[in-house]
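What follows is a single structure, written as structure tokens, with notes after it.
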Amino acid sequence: MSEPTPLPASATKAAWDKLDALAAAPGGRLITPLFAADPNRAEKFSASFEDMFLDFSKTSISPEAMTGLFELARAAKVEDFIVRLFAGEPVNMTEHRSAMHMALRSLPDAGFRAVLPEGGFEDASKVAAHERAHMEKFVRAVHAGEIVAADGKPFTDVLNIGIGGSDLGPRMVSLALTFVHGAKISPHFLSNVDGHAFAQLSRELDPARTLVLVASKTFTTLETMTNGHAARDWIAGALGEDAVSHHFAALSTNMKETGKFGIPEDRVFGFRDWVGGRYSVWSAIGLSVALAAGWDAFEDFLAGGRAMDGHFRNTPLEQNLPVLMALAGIWNLDVQHAATLCILAYDARLARFPAYLQQLEMESNGKSTRLAGDQVTHQTCPVVFGEPGTDAQHSFMQLVHQGPAHVPVDFILAAEADHNRPEAHRILAANVFAQAEALLAGKSLEEVTEEMKKAGADEETIKRVAPHRVFTGQRPSTTVLYKKLDAYSLGRLIVLYEHKVAVQGAIWGINSYDQWGVELGKKLAQAIIPSLEPKADHGHHDGSTLGLMNKFLSLRGE
Ligand code: F6P
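Note that the sequence shown ends on residue 539 in my numbering; no numbers are left out.
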């Protein structure tokens, strides 16, 4: 088994040049003429998988540009990449690891395999199924009142302590699924090392009723270990040292460290190093989701992810939702130079989805070095941000409509609501369509002038105000629409983005599965902590850092 052969940047140069030429041609940045030219554009520039519908017609991708984007994908050997990814080849070449999160949601006999650190492969589907059985037994026993707190009474709350991938996934999914499926146990999340976060939670929670999950792939992350020990002191202080073994479980790949923390082996839910942090919600890291929303909901969630894996793996590029989404993103970012991506889920249950995608997209693809060791030739990842709609319309959407830079938007909407006020859901949906239409069509000076005249404005007012009320339009968006939000459809939605990110990484020729960029800050923080003790030697730092450290200590009177 060999490391993936890095493609030289020259392999995709002709395809990129063609796309640049198309965008630079007259009208190459406009969208509305594309609709005027083809009444069937919406149909041609959209695709479905099951009830999930992706519309990317509101982009400036012309039919020629679409052909060019497929040529780019083929020049970058995306189809080969998909085969290698699913074959468990070490696509994470800097760490010589597979990226085999698909095995976590596969059936036990699917036969997905992953590279072992010592060489050879293991049956990742079987490993995942084994750990899933361990999780299921635990979750069902907690719900049945067979696994209980130190006082023999059931747990009512679960506190997941983790950060990054060990927090964002479980937090986002729990919020969505406890709404849909009800909360069997109330989930809570502690990620930030800021002591205020723990202070707040320890005020709200009763230690006697709380099950604590210390979630850390490495079990060495500073924030999680600091918070884990704070929670340990909190439980032991309130209930006695013996309560710790009843009230704690660990979700980790590092059995040695979980043992040192004092968590019994049968309370450690493991996963392997072929599961990246930001892809780990499907693994033992999802235990809080299963405890909160129930085991059956967790299984449905995995099934949704599995269905999208199958679609991605087996569908030609031309109808492949993650591929189409990836190509639309590449067009916006690299050809039209729109450097951001705004995620607008019109769904309060998906309030944490943008935060989740920030890690998924930016930790995966925020890279400058290609697999071949040279520097990337294009921008590799948009800056991702977002908020639920319609709230976002009353905060940052002003800039998206009228700012000089174009901000591509992903609108996300479920057709059916999970409440009994259909009129509210119609209003919500109307806002999605209105926002996307406004971004596309805009409003010309002539239209504004006419509108103001009709409203009785005088000439002077029209001259002064009308230019400020002009919307240029031609601003791209894509829309993801599906029947309803539930465990299955959320699983599908997440995997749509996971594989979109994978395809984009393959086109840019980077490793989407390492994250060296977060290491330096972590190391420096470790070095600075002791120098913030009163009268400690500050060590060697730049003038600004030293000055700030001194100011911090003097403001504290130390
Ligand atoms: O932010 C860097 C990172 O390594 C992420 O990739 C990961 O999700 C997070 O830290 C938490 O790491 P761990 O699960 O090992 O505590």
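Built from N, CA and C at the ideal position, the CB exists for glycine as well.
Keep in mind the model is a prediction, meaning the values are calculated, not measured.
Just the C-alpha distance for residue i and residue j, rounded to the nearest angstrom, thanks.
i	j	result
P44	E70	35 Å
Q383	S458	15 Å
M(-18)	A326	Any reading at M(-18) is ruled out, since the residue's pLDDT is 49, under 50, leaving its predicted position unreliable.
L50	W312	8 Å
A46	P7	14 Å
S41	Q317	9 Å
E31	S470	10 Å
W(-3)	K516	57 Å
A309	A319	12 Å
A487	L194	35 Å
A415	V476	27 Å
E117	S269	12 Å
L536	T202	29 Å
G370	A329	8 Å
T296	F452	39 Å
L409	F334	18 Å
H292	W263	18 Å
P188	M343	36 Å
T207	V174	7 Å
R407	A436	29 Å
M433	E404	31 Å
A109	G251	9 Å
T191	F242	18 Å
N5	H521	The identity of residue 5 in the sequence shown is Ala, whereas the question assumes Asn. In a straight line, the C-alpha of A5 is about 50 Å away from that of H521.
L527	E514	14 Å
K(-6)	V357	12 Å
V304	K503	34 Å
V484	A411	32 Å
V388	A84	35 Å
F37	R450	27 Å
V413	C362	25 Å
For the beta strand (DSSP E) containing residue i, list its first residue and its last residue.
i	result
T191	T191 to A196
M33	M33 to D36
F170	S167 to L171
A231	F229 to S233
T459	S458 to Y463
For the alpha helix (DSSP H) that contains residue i, what are its first and last residues?
i	result
G367	Not the alpha helix (DSSP H): G367 falls in the beta strand (DSSP E), residues V364 to G367.
G524	G524 to L536
G209	L203 to L220
L322	Element bounds for L322: not the alpha helix (DSSP H) but the beta strand (DSSP E), T321 to A326.
I510	E500 to S512
H542	There is simply no residue 542 to check, as the chain begins at -18 and stops at 539 in what is shown.
T13	T13 to A18
I475	A468 to W489
S493	Counting along the chain, S493 falls outside any alpha helix (DSSP H), and DSSP gives it neither H nor E.
F179	G176 to E185
V139	Run containing V139: none in the alpha helix (DSSP H); it sits in the beta strand (DSSP E), D138 to I142.
A28	First-last for A28: S27 to F30, but that is the beta strand (DSSP E), not the alpha helix (DSSP H).
R113	A105 to H124
Is the beta carbon of residue i sitting closer than 7 Å to the one on residue j?
i	j	result
P(-11)	L352	no
A273	S147	no
V482	S345	yes
L394	L466	no
H124	K165	yes
L171	L182	yes
S106	A95	no
N73	Y494	yes
A211	F179	yes
N492	T75	yes
G143	A196	yes
V120	A271	yes
A(-8)	A56	yes
D315	Q360	yes
V256	H111	no
Rounded to whole angstroms, how far is the Cβ of residue i from the Cβ of residue j, which I believe are closer than 8 Å?
i	j	result
F366	T321	7 Å
A231	I216	14 Å between Cβ atoms; not a contact.
L283	G472	6 Å
S87	R287	6 Å
L140	H169	5 Å
L11	Q455	5 Å
M306	L35	6 Å
A28	L302	6 Å
Check your understanding: Fully enclosed by the region 52 to 101, which beta strand (DSSP E) runs are 3 residues long or longer?
Key -> Taking only runs of at least 3 residues, the beta strand (DSSP E) segments lying wholly in the region 52 to 101 are 94 to 96.
**Study point:** 4 or more residues per run - each alpha helix (DSSP H) lying fully within the region 224 to 304
**Key:** DSSP runs (the alpha helix (DSSP H)) wholly in the region 224 to 304: 225 to 228, 236 to 242, 268 to 274 and 276 to 295.
Practice item. Starting from the N-terminal side, write out each stretch of the alpha helix (DSSP H) that is 4 residues or longer and does not extend beyond the region 349 to 434. Key: Whole alpha helix (DSSP H) segments, 4+ residues: 378 to 383 and 403 to 422.
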